[in-house]
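J.: So the sequence lines, in the order shown, correspond to chains A and B. Residue numbers for the first sequence, in the numbering used here: 1 to 167. Residue numbers for the second sequence, in the numbering used here: 168 to 334. Here a beta-carbon is modelled for each residue, glycine too, at the ideal position from N, C-alpha and C.
Number of protein chains: 2
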Amino acid sequence: MAPKLAAQARREFEPPEAEAGPEGALLDLSHLSSIVGYPLRRAQMAVFEDFARRFQPLDLTPAQYSTLSTIGDNPGRNQSEIAAALGILRPNFVAMMDELERRGLAERTRSGVDRRSNALALTPTGRELLTRARVVQGEQEAAIEDILGRGEREALVEALRKLATLA
Amino acid sequence: MAPKLAAQARREFEPPEAEAGPEGALLDLSHLSSIVGYPLRRAQMAVFEDFARRFQPLDLTPAQYSTLSTIGDNPGRNQSEIAAALGILRPNFVAMMDELERRGLAERTRSGVDRRSNALALTPTGRELLTRARVVQGEQEAAIEDILGRGEREALVEALRKLATLA
DNA sequence: TATTGTTATACTCTATAACTATA
DNA sequence: TATAGTTATAGAGTATAACAATA
Numbered sequence: 001m002a003p004k005l006a007a008q009a010r011r012e013f014e015p016p017e018a019e020a021g022p023e024g025a026l027l028d029l030s031h032l033s034s035i036v037g038y039p040l041r042r043a044q045m046a047v048f049e050d051f052a053r054r055f056q057p058l059d060l061t062p063a064q065y066s067t068l069s070t071i072g073d074n075p076g077r078n079q080s081e082i083a084a085a086l087g088i089l090r091p092n093f094v095a096m097m098d099e100l101e102r103r104g105l106a107e108r109t110r111s112g113v114d115r116r117s118n119a120l121a122l123t124p125t126g127r128e129l130l131t132r133a134r135v136v137q138g139e140q141e142a143a144i145e146d147i148l149g150r151g152e153r154e155a156l157v158e159a160l161r162k163l164a165t166l167a
Numbered sequence: 168m169a170p171k172l173a174a175q176a177r178r179e180f181e182p183p184e185a186e187a188g189p190e191g192a193l194l195d196l197s198h199l200s201s202i203v204g205y206p207l208r209r210a211q212m213a214v215f216e217d218f219a220r221r222f223q224p225l226d227l228t229p230a231q232y233s234t235l236s237t238i239g240d241n242p243g244r245n246q247s248e249i250a251a252a253l254g255i256l257r258p259n260f261v262a263m264m265d266e267l268e269r270r271g272l273a274e275r276t277r278s279g280v281d282r283r284s285n286a287l288a289l290t291p292t293g294r295e296l297l298t299r300a301r302v303v304q305g306e307q308e309a310a311i312e313d314i315l316g317r318g319e320r321e322a323l324v325e326a327l328r329k330l331a332t333l334a
């Protein structure tokens, strides 16, 4: 159950601000790597790539995972509410729900109170998959903690949450 | 010179793990906001939106800024080297250079040593724009420091750099 | 044979306008 | 009149294959 895959090959030293070229000559990236935006993007890409590898057996993208998780924790909410909470535009959320429904993971139920809206819920299959997905997600989190340590990982999450209030 | 715009309206409290819906009912997002990947993506989007606003007068995207900065700090390198350092695929970097050249910000010079490759450099105009862009970038960094404080901002950059070694 | 720059192309994400059915 | 879901569509960003020129 405990993930051992992750803490293996770690670069022990790296030239702090440079990137290796083909013949070994290094590029100066100091201006970029000292500001928040650039390493933020690189980290996001790395974490999502790692996510893709781990979730390949479950066939879930980050967006699908976050949708399943949010529906599971908020059953009965409609599409607009779930989409808005996840920062997904309503038009783009339609195909998302089409696919989850096609795979038998989630259901839309035309609400009796307001017949315009679709109450969303997970199917039993969807709940099972979400349970398994959260285990896999926990493994990624453990891999991150192997790199950062518990305290720095928690500090990172807190800093990122504050950063999200910038825009 | 010091940016005062940023530290103004900050949410003083927020329900730690929930999102407001239209009628005020809150969604449970606790499972997502406690893992790294989700706030990482939200923070990245927020920082890039803020970047887009600040750089609208200079008409620079994050990718264009990082390209200008890297060429400026590494003049004479060829397209493959600059693109690889920035994680941009060579085919996609062609249009990037086309546009920077069209705007008179950068130049490709067919190398004498290896006539396959284009040595890249900034034009005087490009150097001027880069100087101005770094001032704007410094303002974003100051705005982030208004939110996080100096120490937490530096800790964030360090954590993000480590995270990028995950994939 | 391998590499640099390039073209063509495709696939995903994201964004906007407009329709329909309900309210 | 406004809202929920939907369709159509357009634009980024990102990915791969293949070609010409050069090594």
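Using a Cβ-Cβ distance under 9 Å, would residue 213 of chain B count as near chain A?
T.: The sequence position of residue 213 of chain B within the second sequence is 46, counting from 1. It does: the Cβ of residue 213 of chain B has a partner Cβ on chain A nearer than 9 Å.
J.: Please report the straight-line C-alpha distance between residue 276 of chain B and residue 246 of chain B, rounded to a whole angstrom.
T.: Counting from one through the second sequence, the residue named residue 276 of chain B turns up at place 109. Counting from one through the second sequence, the residue named residue 246 of chain B turns up at place 79. Residue 276 of chain B and residue 246 of chain B: Cα-Cα distance of roughly 11 Å.
J.: Between residue 106 of chain A and chain B, is the shortest Cβ-Cβ distance under 9 Å, so that the two count as touching?
T.: Here the question's residue 106 of chain A lines up with position 106 in the first sequence. Chain B, which has no Cβ nearer than 9 Å to the Cβ of residue 106 of chain A, makes this no.
J.: Cα separation between residue 210 of chain B and residue 130 of chain A?
T.: Position 43 of the second sequence, counting from 1, holds the residue named residue 210 of chain B. Position 130 of the first sequence, counting from 1, holds the residue named residue 130 of chain A. Each residue's alpha carbon lies about 24 Å from the other.
J.: What residues in its chain sit with their C-beta under 7 Å from that of residue 320 of chain B, if we drop five residues either side in the sequence?
T.: Taking the second sequence and counting its residues from 1, one reaches residue 320 of chain B at position 153. Contacts found: 311, 312.
J.: If I follow the unbroken beta strand (DSSP E) through residue 134 of chain A, where does it start and stop?
T.: By 1-based counting over the first sequence, the position of residue 134 of chain A is 134. Counting along the chain, residue 134 of chain A sits inside no beta strand (DSSP E); it lies in the alpha helix (DSSP H) bounded by residues 124-148.
J.: Decide yes or no for the touch test of the region 57-74 of chain A against the region 97-108 of chain A: beta carbon pairs closer than 8 Å, at least 3 of them.
T.: yes
J.: In the DSSP assignment, find the alpha helix (DSSP H) that holds residue 98 of chain A and state where it starts and stops.
T.: Looking up residue 98 of chain A in the first sequence gives position 98. Where residue 98 of chain A is concerned, the enclosing alpha helix (DSSP H) stretches over 90-102.
J.: Is the CB of residue 73 of chain A under 9 Å away from at least one CB in chain B?
T.: The residue you call residue 73 of chain A lines up with position 73 of the first sequence. Yes, because at least one Cβ of chain B sits closer than 9 Å to the Cβ of residue 73 of chain A.
J.: Scan the region 51-72 of chain A for residues whose Cβ lies nearer than 7 Å to a Cβ of chain B and list them as they occur along the chain.
T.: 51, 62, 66, 69, 70
J.: Would you tell me roughly how many angstroms separate the C-alpha atoms of residue 265 of chain B and residue 299 of chain B, rounded to the nearest one?
T.: Working through the second sequence from its first residue, we reach residue 265 of chain B at position 98. Working through the second sequence from its first residue, we reach residue 299 of chain B at position 132. Residue 265 of chain B and residue 299 of chain B: Cα-Cα distance of roughly 22 Å.
J.: With distance defined between alpha-carbon atoms, name the residue in A:65, A:118, A:96 nearest to residue 350 of chain B.
T.: With chain B running from 168 to 334 in the structure shown, residue 350 of chain B is simply not present.
J.: So with CB distances below 7 Å, who are the chain B contacts of residue 39 of chain A?
T.: The residue you call residue 39 of chain A lines up with position 39 of the first sequence. Residues of chain B with a Cβ closer than 7 Å to the Cβ of residue 39 of chain A are, in chain order, 324, 327, 328, 331.
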